[in-house]
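Novice:
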Amino acid sequence: MIEAQQLTKRYGEKTAVDCLDFTVKPGTVTGFLGPNGAGKSTTMRMIVGLDAPTSGSVTVNGQRYARHRAPLQEVGALLEAKSIHPGRSAYNHLRALALTHGIPRRRVDEVVELAGLGSVAKKRAGAFSLGMGQRLGIAAALLGDPQTVMLDEPVNGLDSEGVLWIRNLLTSLAGQGRTVFVSSHLMSEVSLVADHLIIVGRGRLLADTTVQDLVRQAGGDAVCVATDDPTRLRDVLAGPGVEITGRVGSEELQVSGMSAREIGLTAAEHGIPLFELTTKAVSLEEAFMDLTRDAVEYHGTTGTETSGSAA
Amino acid sequence: MSTLTATAETARTAPARPVYRVTGRRVLSSEWAKLWSLRSTWITLGLGLLFLVAFGVIAASHYKSSLGSGRHMDRDFATATAASLSLFGTNFAQLALGVLGVLITAGEYSTGMIRSTLAAVPRRLPVLWSKAAVYGLVALVVATVGTFAAFLVGSRIVSGTPAAMGLGHAGVVRSLLGAGLYLGLVGVIGTALGALLRSVAGGISVLVAALMLVPGLVSLLPSSWQGDIDPYLPSHAGESVFALTHDATSLSPGAGLLVFLGWTALTLAAAAYRLLRSDV
Numbered sequence: 001m002i003e004a005q006q007l008t009k010r011y012g013e014k015t016a017v018d019c020l021d022f023t024v025k026p027g028t029v030t031g032f033l034g035p036n037g038a039g040k041s042t043t044m045r046m047i048v049g050l051d052a053p054t055s056g057s058v059t060v061n062g063q064r065y066a067r068h069r070a071p072l073q074e075v076g077a078l079l080e081a082k083s084i085h086p087g088r089s090a091y092n093h094l095r096a097l098a099l100t101h102g103i104p105r106r107r108v109d110e111v112v113e114l115a116g117l118g119s120v121a122k123k124r125a126g127a128f129s130l131g132m133g134q135r136l137g138i139a140a141a142l143l144g145d146p147q148t149v150m151l152d153e154p155v156n157g158l159d160s161e162g163v164l165w166i167r168n169l170l171t172s173l174a175g176q177g178r179t180v181f182v183s184s185h186l187m188s189e190v191s192l193v194a195d196h197l198i199i200v201g202r203g204r205l206l207a208d209t210t211v212q213d214l215v216r217q218a219g220g221d222a223v224c225v226a227t228d229d230p231t232r233l234r235d236v237l238a239g240p241g242v243e244i245t246g247r248v249g250s251e252e253l254q255v256s257g258m259s260a261r262e263i264g265l266t267a268a269e270h271g272i273p274l275f276e277l278t279t280k281a282v283s284l285e286e287a288f289m290d291l292t293r294d295a296v297e298y299h300g301t302t303g304t305e306t307s308g309s310a311a
Numbered sequence: 001m002s003t004l005t006a007t008a009e010t011a012r013t014a015p016a017r018p019v020y021r022v023t024g025r026r027v028l029s030s031e032w033a034k035l036w037s038l039r040s041t042w043i044t045l046g047l048g049l050l051f052l053v054a055f056g057v058i059a060a061s062h063y064k065s066s067l068g069s070g071r072h073m074d075r076d077f078a079t080a081t082a083a084s085l086s087l088f089g090t091n092f093a094q095l096a097l098g099v100l101g102v103l104i105t106a107g108e109y110s111t112g113m114i115r116s117t118l119a120a121v122p123r124r125l126p127v128l129w130s131k132a133a134v135y136g137l138v139a140l141v142v143a144t145v146g147t148f149a150a151f152l153v154g155s156r157i158v159s160g161t162p163a164a165m166g167l168g169h170a171g172v173v174r175s176l177l178g179a180g181l182y183l184g185l186v187g188v189i190g191t192a193l194g195a196l197l198r199s200v201a202g203g204i205s206v207l208v209a210a211l212m213l214v215p216g217l218v219s220l221l222p223s224s225w226q227g228d229i230d231p232y233l234p235s236h237a238g239e240s241v242f243a244l245t246h247d248a249t250s251l252s253p254g255a256g257l258l259v260f261l262g263w264t265a266l267t268l269a270a271a272a273y274r275l276l277r278s279d280v
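Protein sequences, first through last, are from chains A and B. Going by the UniProt record's numbering, the first sequence opens with residue 1, and the numbers climb by one from there. Going by the UniProt record's numbering, the second sequence opens with residue 1, and the numbers climb by one from there.
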């Protein structure tokens, strides 16, 4: 359980995290989403006490992280930046962390195996590939068998096997009743594992929602239908809870609130020929982009659309 | 059925939550393990030991050969003793041992290791105390072994010359132990500077400046001030800890040790302040 209250971090003039309020609950995977520079990493550093909040507070299992007797048993964190000494072997790195808590050697061996580092554990961590480095970071995060696992952009730089491994790991950790908090700037990645979403932009909370609610909010699933008589089709489909849009003079209509099957049956009943009948799922990516459009820190422009999009 | 599930549940969850706890002793053992798991530790300690013994032996041999040749001896050599000759390497060893001290703390910042360290020990100060204590002790032991080894070899080389001295000679053991203690404290100052400046280059620069450049700069001051400041400089206060003879311009070994301990405490306090106050 992570609770943030009015959490704020300012670096001089710049506000990195702005009055964030959120709760991360146990037993689910909570995605922490936002464009680059939205304040995700800063928030996570504040959770484990590496950065001190300018104002507000954040607690882990009811207490500030630093006040816990065995912090690694409360929160296991993989931070975005490398947090290892490249000259030390993976095993010795984990062993040194374990010693601070009295975590037995057996547990070090366990997490080495769990992260698939068995064959390279005695090698210098500086020689590790990006993926191996991430695995070592995750092994360190799991070392204390923590109640809460917090991972900052865990799939960055991983190959597809590694990505799959992380996904399964996150789901199984949540299945064991742990609090899982995972950040990403990619909706597509998070939506595969997360049930709950906390979306931030420019340090502010934009949405605290679930994946389903976000889809519903964004307009749900719509059906695209084309016919030579859109006016008549409009009339026969009209009803409570059904929303129909379409441009004047176009054969195409967008219908929401009815399934493709229902639309097809109704049209056939009234003898209206259809040329096209397609279900269009609103992509979460689009919903996310809509939400964060104004909050994107660095806009890129392509040469052809220089006007209008510049915010 | 339901009781069966319940027992299975408790059996599964009970051993899954062992009681861990961060204690001062555990942080010490973690820092001990960290120190020895890096190659740079072995190399730099080896260098420090080599400097102590090799320069001591070289100085003693040089003294003996220039004595035999009957050439005019420079002033330093004219008053040399077996102890002063074998401690000739202290100046070089203090660089190696001080630099390793800086690496132990500043190296964690430059690599990012500090984030793992402070996530495990978020109260932070135990990390600084442990690093300083563990490394200070290691540097003390290595340096003391080095000074005694240098003296045993060096005193044999200069036996039969005016500089000849045995371990039993008044003040020799105190001088050798004092040099070991001085070098151990230089190591502690190095760790404190590294933690204070969070940069390997910055830490080493300040260390070298404090130990080697400042005395030169002070000699440019008006001589009336010089006499007041000079003995209290870290390097001069440190020297009086292990010097065999003391004159009016230097502190006594006890006073020198107190002043040098004061400098050590000052840098440690500054490092502790920054560690508690700044984000990492």
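All C-beta atoms, glycine included, are put in the ideal place defined by N, C-alpha and C. Computed from a predicted structure; not experimentally measured.
Only counting the same chain, and skipping five residues up and downstream in sequence, which positions put a Cβ closer than 7 Å to that of Ala-149 of chain B?
Specialist: Start at 1 with the first residue of the second sequence, and residue 149 of chain B comes out as number 149. Counting only Cβ-Cβ distances below 7 Å, and skipping sequence neighbours, we find Val-53.
Novice: Check distances from the C-beta atoms of the region 114–125 of chain B to those of chain A and list, in chain order, the residues that come in under 9 Å.
Specialist: Here the close residues are Ile-114, Arg-115, Ser-116, Thr-117, Leu-118, Ala-119, Ala-120, Val-121, Pro-122, Arg-123 and Arg-124.
Novice: Closer than 8 Å, Cβ to Cβ, to anything on chain B: give me those residues from the region 170–198 of chain A, in chain order.
Specialist: Answer in chain order: no residues at all.
Novice: Under 7 Å between C-beta atoms, does Asp-51 of chain A make it to chain B?
Specialist: Residue numbering aside, residue 51 of chain A sits at position 51 when the first sequence is read from its first letter. So, interface residue.
Novice: Quick check: is the beta carbon of Tyr-135 of chain B nearer than 7 Å to any beta carbon in chain E?
Specialist: Here the protein chains are A and B, and chain E is not one of them.
Novice: Where does Glu-74 of chain A sit, in a helix, a strand or coil, going by DSSP?
Specialist: For the purposes of this step, residue 74 of chain A is identified with residue 74 of the first sequence, where counting begins at 1. In this structure, Glu-74 of chain A counts as helix in the three-state DSSP scheme.
Novice: Which residues in chain A have a C-beta closer than 9 Å to the C-beta of Ser-205 of chain B? List them in chain order.
Specialist: The residue labelled residue 205 of chain B in the question sits at position 205 within the second sequence. The contacting residues do not exist; Ser-205 of chain B stays about 22 Å from chain A at best.
Novice: Can you say whether Thr-30 of chain A is buried or exposed, counting buried as having 16 or more other CB atoms within 10 angstroms of its CB?
Specialist: Position 30 of the first sequence, counted from the start, is the residue given in the question as residue 30 of chain A. With 16 or more Cβ atoms within 10 Å of its Cβ, Thr-30 of chain A is classed as buried.
Novice: Let me check one thing: in DSSP terms, what residues is Thr-148 of chain A bridge-paired to?
Specialist: Translated into the one-based positions of the first sequence, residue 148 of chain A becomes position 148. The partner list for Thr-148 of chain A (beta bridge, DSSP) reads A:Val-75 and A:Thr-179.
Novice: What residue range is occupied by the uninterrupted alpha helix (DSSP H) comprising Gln-134 of chain A?
Specialist: Here residue 134 of chain A is taken as the residue at index 134 of the first sequence, counted from 1. From DSSP, the alpha helix (DSSP H) with Gln-134 of chain A extends over 130–142.
Novice: Are Thr-54 of chain A and Ala-16 of chain A close, meaning C-beta to C-beta below 7 Å?
Specialist: Translated into positions along the first sequence, residue 54 of chain A becomes position 54. Translated into positions along the first sequence, residue 16 of chain A becomes position 16. Going by C-beta atoms, Thr-54 of chain A is not nearer than 7 Å to Ala-16 of chain A.
Novice: Does the Cβ-Cβ distance between Ser-240 of chain B and Leu-233 of chain B come in under 7 Å?
Specialist: Residue numbering aside, residue 240 of chain B sits at position 240 when the second sequence is read from its first letter. Residue numbering aside, residue 233 of chain B sits at position 233 when the second sequence is read from its first letter. Cβ atoms of Ser-240 of chain B and Leu-233 of chain B: not closer than 7 Å.
Novice: Where does the unbroken beta strand (DSSP E) through Gln-254 of chain A begin, and where does it stop?
Specialist: Here residue 254 of chain A refers to the residue found at position 254 of the first sequence. First-last of the beta strand (DSSP E) with Gln-254 of chain A: 252–256.
Novice: Classify His-101 of chain A as helix, strand or coil using the three-state DSSP reduction.
Specialist: For the purposes of this step, residue 101 of chain A is identified with residue 101 of the first sequence, where counting begins at 1. It is helical.
Novice: Does Leu-183 of chain B have its Cβ less than 7 Å from a Cβ in chain A?
Specialist: Position 183 of the second sequence, counted from the first residue, corresponds to residue 183 of chain B. Output row for Leu-183 of chain B: interface = no.
Novice: Tell me the DSSP secondary structure of Leu-161 of chain B in three-state form.
Specialist: On the second sequence, residue 161 of chain B is found 161 positions in, with the first residue counted as 1. Note that residue 161 of chain B corresponds to Thr in the displayed sequence, not to Leu. If DSSP states are grouped into helix, strand and coil, Thr-161 of chain B belongs with coil.
Novice: Tell me the DSSP bridge mates of Val-215 of chain A?
Specialist: Start at 1 with the first residue of the first sequence, and residue 215 of chain A comes out as number 215. Beta-bridge pairing links Val-215 of chain A to no other residue.
Novice: Which residue from A:Arg-107, A:Asp-51 and A:Val-182 puts its Cα closest to that of Ala-139 of chain A?
Specialist: As a working note, residue 139 of chain A is residue 139 in the first sequence. Nearest C-alpha to Ala-139 of chain A: A:Arg-107.
Novice: Give me the residue from B:Ala-272, B:Gly-48 and B:Thr-23 with the minimum Cα distance to Leu-95 of chain B.
Specialist: Counting from one through the second sequence, the residue named residue 95 of chain B turns up at place 95. The shortest Cα separation from Leu-95 of chain B among B:Ala-272, B:Gly-48 and B:Thr-23 belongs to B:Gly-48.
Novice: Between the region 21–41 of chain B and the region 66–74 of chain A, do at least 3 Cβ pairs fall closer than 8 Å?
Specialist: Segments in contact, yes.
Novice: Here's the rule: buried if 16 or more other CB atoms are within 10 angstroms of the residue's CB, otherwise exposed. What is Lys-34 of chain B?
Specialist: Taking the second sequence and counting its residues from 1, the one referred to as residue 34 of chain B is at position 34. Buried, because 16 or more other Cβ atoms sit within 10 Å of the Cβ of Lys-34 of chain B.
Novice: If we call anything under 7 Å between Cβ atoms a contact, is Val-102 of chain B one with Gly-190 of chain B?
Specialist: Residue mapping note: residue 102 of chain B aligns to position 102 of the second sequence, counting from 1. Residue mapping note: residue 190 of chain B aligns to position 190 of the second sequence, counting from 1. Yes; because the gap between Cβ atoms is below 7 Å, this pair is in contact.
Novice: Going by DSSP, which residues form a beta bridge with Ile-263 of chain A?
Specialist: One-based indexing of the first sequence puts residue 263 of chain A at position 263. In DSSP, Ile-263 of chain A forms no bridge with anything.
Novice: Any beta carbon from chain A within less than 7 Å of Thr-111 of chain B's own beta carbon?
Specialist: As a first step, residue 111 of chain B is located in the second sequence; it is residue number 111 there, counting from the start. True, the Cβ-Cβ gap to chain A drops below 7 Å.
Novice: Taking Cβ positions only, does Asn-61 of chain A come closer than 7 Å to chain B?
Specialist: Here residue 61 of chain A refers to the residue found at position 61 when the first sequence is read from its first residue. So no, Asn-61 of chain A is outside the interface.
Novice: Mind checking Ala-192 of chain B: buried by the 16 CB within 10 Å criterion, or exposed?
Specialist: Against the second sequence, residue 192 of chain B aligns to sequence position 192. Buried: at least 16 other Cβ atoms inside 10 Å.
Novice: Measuring only the C-alpha atoms, how far is Leu-117 of chain A from Ile-103 of chain A?
Specialist: Residue numbering aside, residue 117 of chain A sits at position 117 when the first sequence is read from its first letter. Residue numbering aside, residue 103 of chain A sits at position 103 when the first sequence is read from its first letter. If I take the Cα positions, the gap works out to 19 Å.
Novice: List the residues of chain A whose Cβ lies closer than 7 Å to the Cβ of Ser-40 of chain B, in chain order.
Specialist: Counting from 1 along the second sequence, the entry for residue 40 of chain B is found at position 40. Per Cβ cutoff of 7 Å: Gly-87.
Novice: For Val-280 of chain B, which residues in chain A fall below 9 Å Cβ to Cβ?
Specialist: In the second sequence, residue 280 of chain B corresponds to position 280, counting from 1. Those within 9 Å of Val-280 of chain B in chain A are Arg-45, Leu-50 and Asp-51.
Novice: Quick check: is the beta carbon of Pro-71 of chain A nearer than 7 Å to any beta carbon in chain B?
Specialist: Here the question's residue 71 of chain A lines up with position 71 in the first sequence. Answer yes: the Cβ-Cβ gap between Pro-71 of chain A and chain B drops below 7 Å somewhere.
Novice: Looking at the secondary structure, which residues open and close the beta strand (DSSP E) in which Ser-57 of chain A lies?
Specialist: By one-based count along the first sequence, residue 57 of chain A stands at place 57. Where Ser-57 of chain A is concerned, the enclosing beta strand (DSSP E) stretches over 55–60.
Novice: Residues in the same chain with beta-carbon distance under 6 Å from Gly-194 of chain B, minus the five sequence neighbours each way, listed in chain order, please.
Specialist: Reading the second sequence from its first residue, position 194 is the one you call residue 194 of chain B. Taken in chain order, the residues that qualify are Val-102, Thr-105, Ala-106 and Gly-203.
Novice: Can at least three beta-carbon pairs, one atom from the region 165–177 of chain A and one from the region 188–196 of chain A, be found at a separation below 8 Å?
Specialist: Enough Cβ pairs lie closer than 8 Å, so yes.
Novice: Whose C-beta lies closer than 8 Å to the C-beta of Phe-260 of chain B among residues of the same chain, with five residues either side of it excluded?
Specialist: As a working mapping, residue 260 of chain B is identified with position 260 in the second sequence. Correct list, in chain order: Tyr-182, Leu-185, Pro-234, Ala-237, Gly-238 and Val-241.
Novice: Could you confirm whether any beta carbon from chain A is found closer than 7 Å to the beta carbon of Tyr-273 of chain B?
Specialist: Working through the second sequence from its first residue, we reach residue 273 of chain B at position 273. For Tyr-273 of chain B, the answer is no, since every Cβ of chain A falls outside 7 Å of its Cβ.
Novice: Would DSSP call Leu-211 of chain B helix, strand or coil?
Specialist: Residue mapping note: residue 211 of chain B aligns to position 211 of the second sequence, counting from 1. Leu-211 of chain B falls in the helix class under three-state DSSP.
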